Structure formats: C-alpha cells, structure tokens
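Here's the structure, in structure tokens; my notes come after.
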Amino acid sequence: MEKVISGNYAAAYGAKLARPKFIAFYPITPQTTIVEKLADFSSSGELEAKFIPVESEHSAMAACIGAANTGVRTFTATSSQGLALMHELLFWAAGARLPIVMSNVHRALAPPTNLGADQTDSFAQRDTGWIQLECESAQEVLDSILQAYRIAEEVMLPCMVCHDAFYLSHTYEPVDIPEAELVDSYLPPYVPPFKLDSENRLTFYASSTRCPATQYEFRYHAQQAMERVPAVLRKADEHFYELFGRRYGIVEEYYLDGAELVIVAAGTMVSTVRRVVEEFRQRGERVGLLRIRMFRPFPKEEIRHLLKGVPKVAVFDRNISLGEGGILSQSIKSALYHTDQKPVVFGFIVGLCGVDITQDIVGDIVDYTLQQDTPEEDIIWTEVIR
Amino acid sequence: MTAANILAVAAFKEGRYCQSFPVFGGERRGAPVLGFTRIDDKKVSLRCKVYEPDHVIILDPALMQVVDVTAGLKDEAWIVINSGQAPEEIHLPAKFNIATVDAASIAVKHGLGSPRDPIVNTAILGAFSRVVGAVGLEAVLEAIREESPVKKEENAAAAKEAYELVRSCKRRE
Chain A
3 MEKVISGNYA
13 AAYGAKLARP
23 KFIAFYPITP
33 QTTIVEKLAD
43 FSSSGELEAK
53 FIPVESEHSA
63 MAACIGAANT
73 GVRTFTATSS
83 QGLALMHELL
93 FWAAGARLPI
103 VMSNVHRALA
113 PPTNLGADQT
123 DSFAQRDTGW
133 IQLECESAQE
143 VLDSILQAYR
153 IAEEVMLPCM
163 VCHDAFYLSH
173 TYEPVDIPEA
183 ELVDSYLPPY
193 VPPFKLDSEN
203 RLTFYASSTR
213 CPATQYEFRY
223 HAQQAMERVP
233 AVLRKADEHF
243 YELFGRRYGI
253 VEEYYLDGAE
263 LVIVAAGTMV
273 STVRRVVEEF
283 RQRGERVGLL
293 RIRMFRPFPK
303 EEIRHLLKGV
313 PKVAVFDRNI
323 SLGEGGILSQ
333 SIKSALYHTD
343 QKPVVFGFIV
353 GLCGVDITQD
363 IVGDIVDYTL
373 QQDTPEEDII
383 WTEVIR
Chain B
16 MTAANILAVA
26 AFKEGRYCQS
36 FPVFGGERRG
46 APVLGFTRID
56 DKKVSLRCKV
66 YEPDHVIILD
76 PALMQVVDVT
86 AGLKDEAWIV
96 INSGQAPEEI
106 HLPAKFNIAT
116 VDAASIAVKH
126 GLGSPRDPIV
136 NTAILGAFSR
146 VVGAVGLEAV
156 LEAIREESPV
166 KKEENAAAAK
176 EAYELVRSCK
186 RRE
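Top line first, the protein sequences correspond to chains A and B.
For the first sequence, the tail end lands on 388 under our numbering, and the numbers increase by one without skipping.
For the second sequence, the tail end lands on 188 under our numbering, and the numbers increase by one without skipping.
See the structure below:
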C-alpha cells in the first residue's frame, strides 16, 4: 500500500513490521514522531512489543541491552544529544554482540541548540562497533530497518539506520508500505544463539581483567563479524529485491563511466547532487556520483575498485571531526592509501548544522574542482568558495 | 506544516508525485513556520528548500509585516491569503495574482479553533484549489478527511466553503 508519510513515520512502520518484542523510548526532536507513531501502533494493538518509557537515552540503550540479552528483537530511536548520551552503552551493545536496531535522526550537536541535519552525531560513534546505514529517502528508511535486522542478526552486531533531520524526518513523500506477511517471510522470528535463561544457566560478561587475552580475542571476532557485513548486506539486499522490487546496495554508482570528477556523498544531499550531476553530464562534463549507503563497516573495497584511476574526487561531508576534517573524506583517503592510480581528493564541508545544500552550492563545488589541479586547502568550507 | 502535507496528499491522490516539508525553529506555539510542497509528474528529485516558489499561501496575514512573502516568487504567481480584506486592498506588487478568503471566520464557524486562535490550515486549501487549480477540490477534501485526526467533516466543510467564498484579483501589469 502506497501512502504519503514522513521519513520518521517510515521508520516507525519499518520497526512495526519487524515485530520487535521490546521497544524503549525517550523523546528528542526531531526523532520524537518515530516513537509517537509507535505509541499509536502500540495503543491500537497493531504492535505487540513491550513498549516502555525511560528517563533518558542512556537508559533506553541500557534497557535494549537488557532485553536483547533475554533473546528478543529490540528497537529504539534517538538523535544528536541523545545518541551522544548513549555513547558508553553503544560499545556495550556491540561488544556484547547484541543485534539491536536503532533509528538515528542526524541532528547537529549543541551548542547552541539546533535542530538541523548534521551527520556528526552518528559519524562520531563510528568506533563503537555498530553497523551504520545512511538513507536517502523515506522508502529507504523503512526498507533499511527491515534489512538491518536481517544483517544484524546474522552477524550479531547492532545496526544504526540514519536519516537526516527535516530533509527526511519531517518530509512527507509517497512510501510503499509492504504487506506484513511478506515481511514475515523476509524476516522470520529472531532465534538467538545464546540468551539469559533460568532453565539453561550461562555466565555472561565475566570480568576479563585477569585474562585480557580473552577480550582481545572477542575484539578480533567482532572485527571478523564486521568484515562479513558487506557480503551479508548484499545477500539481504538481493533477497529484499526479489520480494519487494527495491534494492540499495552498499554504495550506489551514478554516471561513474569515464568520470573525470566523482562526488562522494551520503544522505539526503545525494538527491540534489544527482540532479546536478545529470545537468553537468548533459553539458558534456564528465562528472559522476558515488553514494555511500553503508558507512560502517566502511566499504573500502568498493571504493578502491570504483575510484581507481579517477582523476579527482570531491567528498561532501555534512559533519566535521574538529582538528582533523570531514569524517567521510578521511575514510576515503585512508581507503585509497594502498592503491596505485590514486585520485586527488578534495574534502568539502557542506550543509553543516542544517545549512541547506542547494543546486547552486553543488554546482559551484563542481566548477571549482574541475578547475583546480589540487585542493588549495585540506578542508574546504563551501561558504568560503562562494 | 499540516497544510503543506495535506496539499501533498491531495496531489498524490490525483496520481502525481509530491514532497512536503516544514522549516521551523524552536518548538513554541505561534512561532512562524515555513512549509514547502513540491508537486510533479515525475519523482521529486530535489531535497533542499524552495527558493523560487510558484505560489504562496499565507495562513497568518500578520506575518506579511515581518516576512517578505514575495521573495523569489515567480511572476504570475498566486498569493493566497487568509484575510477578510478584498484582494484589491492588499498591498503587494501588481505583477502577482492575489486571492483572499476569510478562512479564520470560516474555521470558527465550523468549530475549528477559537475566534482568538482559529485553525485555518484546511479552509485555506479550498481557496488555493479554486484559484490555482494545481489540485482539484475533491482530492483536497479527501486528503483533509484522511489527514485530520478529529473533526474530519468540519475541516472538509470549511475547505469547501472557502472554495466558494474566495475572492481573486488577477495581476494588473
């Protein structure tokens, strides 16, 4: 059934269709309408999950960890400051290998208070061990939550499904809401390999202070699981395509053939960039786009393969690691380090803190990059160019 | 925000593609809110604000003193205003088409809000449908019924009345 709904409602529909047994919620703009909609589903009986309000995001993640330990499918949603407050427990969820799925609405971190889109919130959580997916449309938000459970439960790592504040959270657009029966065939009930069970008592989380080598090995296994994600995602995506007719991949290639300049971007800005790339191509300029959908694990192999031999790459970061630069651009440079025929990488900071990314801004960046042989600065702030 | 969404739903009901979104600052009642709707025959491919609107709808005429409602507005655009004044009395450049409707009085009459705080977001869409014609009245009414959590029929009736009562003044240059 196709309906005009917001990106946040799409997240709520995705979560409902995944049939979680447990949802912890704490409101924060611009995420709140996700849990509001889930509350509606819960009160109308459409959602059978145990649905509990908590006193903070830290508690929301703690509650999900507790519930996931008992072997049930769990969901929560947050944004910005809320995600930052969860930080220490994000490590716990991943280290404990719990396949929790969480929606994160990208919002700028304070100060000052700002509700606008900014990827720094979840990109700053890149080292916590969570799989991270970046969505471009409301449809992709819904679909990615379903895929996230498939992937997370297969590799036993938590997954964060991210979408931009306002450009998706509060944007209404047509979304196909899949039939519950079809989703059930895609996502069967979760069967955990281990769980807290009074009938079958096991020790969980015994201190490894006296034998750190055990924990060292756990980290190795978690990294091994991360390395399995690309193949697992591809399989989950293909199965999804067979049932629902939509697929998204790990990265998306757009006009990469013979491209002289490739823009690398993630999130909602991709839609506007795609339109600008098309206009440049119509004028005979060889510009392409590489969209990053899977941000963690970082798709190094795909990037090496697709950007090899491309003369110039312009990375669009709606985030910043202060003292270093755009996070996506760092990751791209690091992925390309061992390749021959390395592109010149230009790192642009765009749309930070909810600043609008218009066709004009994208067009100016393309013009600038086509003219320059090398970037004048390591970090290029678009307002300076303009 | 609600009006922008209902307009998008109405366009969708007519088989067209749509996108609507708000821009707001703090969460406080009465703060100015900007909402955008894009309607197209193909999938909407832009995800940025609208800087050159085809038409403008003004729910609170007092905002015209603090916001330039014609900024970026295309020539021959319609400006649809919730106002008891005749369109000829509104001081806006003559190159725009002006329409007015007393959506506040219509809303209050149908029990939507109070005289001090009328809810005009559904009524105004009836007027928009009449003068702009981008979406038909039937689709607007259907979208209103679907999207209104309460008083579905009252909201639809208000839109229908605004459709009947809207006054318009074509551009004068």
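All residues carry an ideal CB built from backbone N, CA and C; glycine is no exception.
It should be emphasised that the depicted structure is a prediction, and the values quoted were computed from it without experimental measurement.
Could you check if Pro130/B is buried or exposed, using at least 16 other CB atoms within 10 Å of its CB as the buried criterion?
Answer is exposed; the Cβ neighbour count stays below 16.
I need the DSSP call for Glu201/A, collapsed to helix, strand or coil.
It is coil, neither helix nor strand.
Would you report the Cα separation of Thr80/A and Glu104/B, rounded to the nearest angstrom?
One C-alpha to the other measures close to 49 Å.
Assign Gln80/B to one of three DSSP states: helix, strand, or coil.
Three-state DSSP puts Gln80/B in a helix.
Jot down the residue ranges of each uninterrupted beta strand (DSSP E) in the region 89-138 of chain A, minimum 3 residues, whole runs only, in chain order.
The region 89-138 of chain A contains these whole beta strand (DSSP E) runs: 103-108, 133-136.
To which residues of the same chain is Gly50/B closer than 6 Å at the C-beta, ignoring the five residues directly before and after it?
So the list reads Met16, Ala19, Pro37, once near-sequence residues are dropped.
Could you check where the beta strand (DSSP E) with Lys52/A kicks off and where it finishes?
Its beta strand (DSSP E) spans residues 52-55.
Can you pull the chain B neighbours of Val6/A, defined as C-beta to C-beta under 7 Å?
Result: Ala23, Val24, Phe27, Cys33.
Give the single residue among Ile54/A, Gly131/A, Ala112/A whose Cα lies nearest to the Cα of Trp94/A.
The shortest Cα separation from Trp94/A among Ile54/A, Gly131/A, Ala112/A belongs to Gly131/A.
In chain order, what residues of the same chain lie with their CB nearer than 8 Å to the CB of Pro32/A, ignoring the 5 residues before and after it?
Excluding sequence neighbours, Pro32/A sits near Asn10, Ser81, Val107, Arg109, Leu117, Ala167, Phe168, Ser171, His172.
Verify the CB distance criterion: does Met271/A have a CB-CB separation below 8 Å to chain B?
So yes, Met271/A belongs to the interface.
Should Phe196/A go down as buried or exposed, given a rule of 16 or more other Cβ atoms within 10 Å for buried?
Exposed is the call here.
I'd like the span of the beta strand (DSSP E) that includes Cys33/B, first residue to last.
Residues 32-38.
Using a Cβ-Cβ cutoff of 8 Å, what residues of the region 53-65 of chain B are near chain A? List them in chain order.
Flagged, chain order: Val59, Ser60, Leu61, Arg62, Cys63, Lys64.
Taking C-alpha atoms, which residue in Phe348/A, Leu19/A, Ile305/A, Ala64/A lies nearest to Glu181/A?
Closest option to Glu181/A, Cα to Cα, is Leu19/A.
Restricting to runs no shorter than 3 residues, where is the beta strand (DSSP E) found entirely within the region 293-353 of chain A?
Qualifying beta strand (DSSP E) stretches, in chain order: 296-298, 314-319, 346-351.
Under 8 Å, Cβ to Cβ, is there at least one residue of chain A near Pro37/B?
For Pro37/B, the answer is yes, since a Cβ of chain A falls inside 8 Å of its Cβ.
Going along chain B in order, which residues have a C-beta closer than 7 Å to the C-beta of Pro160/A?
Neighbours of Pro160/A on chain B: none; closest Cβ ~28 Å, over 7 Å.
Does Glu175/A pass the burial test, meaning 16 or more other C-beta atoms within 10 Å, or should it be called exposed?
Answer is buried; the Cβ neighbour count reaches 16.
Would you say Asn170/B lies against chain A (beta-carbon separation less than 8 Å)?
Cβ-Cβ to chain A under 8 Å: no for Asn170/B.
Shortest alpha-carbon distance to Arg21/A belongs to which of Ala112/A, Glu156/A, Tyr151/A?
Among Ala112/A, Glu156/A, Tyr151/A, the Cα nearest to that of Arg21/A belongs to Tyr151/A.
Classify Gly84/A as helix, strand or coil using the three-state DSSP reduction.
Three-state result, Gly84/A: helix.
Quick check: what's the CA-CA separation for Ala114/B versus Gly30/B?
Rounded to whole angstroms, Ala114/B to Gly30/B spans 27 Å at the Cα level.
Does DSSP put Arg388/A in a helix, a strand or coil?
In this prediction, Arg388/A has a pLDDT of 48, which is less than 50 and means its spatial position is unreliable; what the coordinates show is noted afterwards. Coil.
Listing by chain order, which chain B residues have their CB less than 8 Å from the CB of Asp358/A?
Here the neighbours are Cys63, Lys64.
Flag this pair as yes or no: are the beta carbons of Ser98/B and Pro133/B separated by less than 8 Å?
Going by C-beta atoms, Ser98/B is not nearer than 8 Å to Pro133/B.
Only counting the same chain, and skipping five residues up and downstream in sequence, which positions put a Cβ closer than 7 Å to that of Ala122/B?
Result list for Ala122/B: Gly128, Pro133, Ile134, Val135, Ala138, Ala173, in chain order.
Taking CB distances under 8 Å as the criterion, tell me whether Asn20/B reaches chain A.
Yes, its Cβ sits closer than 8 Å to a Cβ of chain A.
Would you give the residue range spanned by the alpha helix (DSSP H) that Asn10/A belongs to?
Note, Asn10/A: alpha helix (DSSP H), 9-19.
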